[in-house]
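As structure tokens, the structure follows; a few thoughts come after it.
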Amino acid sequence: MILSSLIALSLASVGAPSQDPAIEPLDLDDSIACAGIFFAHSRQPEIAALDGVQIYEDMTVVFLDRAEALGGRVGLTRENVIERAAGISDQLTRILALQETPEARESMLEDWFEVEQLCVAGGQVPIPDA
């Protein structure tokens with residue numbers, strides 16, 4: 037739930053705290069949130085301009101796969117996981133669109149990048165056996 041909290045902070049336009057999620061593996065909610073933020077970021081023109089879309093889409097799949105593995109333990113299908121991640125992505129995109137200045141938008145994207153780094157670090161911890 038560490039990253040879910042960070043996503044919530046990002047949604048509130050507050051910078052991500054410097055917690056290390058690598059201490060424990062990402063849980064289902066964290067993995068879904070990570071997929072959602074990577075997907076939202078992949079759809080931003082700044083990423084397309086840098087030809088960086090593919091890596092963000094690839095990371096979306098990595099976290100969807102992780103969430104699917106965790107979600108299967110509680111009866112979620114891949115479709116359920118995708119729907120949840122898409123909801124987070126949509127919410128993030130809507131909030132980004134509400135930013136009143138280019139600087140505020142850039143600040144929010146920087147917050148997303150910080151959260152994505154935490155996602156990657158936490159995602160390197162193997163999924164524990166059920």
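Here the sequence shown is numbered in the working numbering, starting from 37 and rising by one per residue. Using N, Cα and C, we set each Cβ at its ideal position, and we do this for glycine too. Because the structure is a prediction, the values reported are computed rather than measured.
When secondary structure is reduced to three states using DSSP, residue 65 falls in the helix class. Excluding sequence positions up to five before and after residue 104, its CB lies within less than 6 angstroms of the CB of 114, 117, all in the same chain and listed in chain order. Secondary structure of residue 79 (DSSP, three-state): coil. Secondary structure of residue 114 (DSSP, three-state): helix. If you draw a 10 Å sphere on the C-beta of residue 96, you find 16 or more other C-beta atoms in it, and that means buried. Residue 142 and residue 80 have their C-alpha atoms some 11 angstroms from each other. In this structure, the CA atom of residue 102 is about 35 angstroms from the CA atom of residue 136. DSSP places residue 88 in no alpha helix (DSSP H); its state is neither H nor E. By alpha-carbon distance to residue 123, the top candidate from 162, 112, 72, 152 is 72. By the beta-carbon neighbour count (other beta carbons within 10 angstroms, threshold 16), residue 152 is buried.
Taking all protein chains shown into account, residue 69 has 16 or more neighbouring C-beta atoms within 10 Å of its C-beta and is therefore buried.
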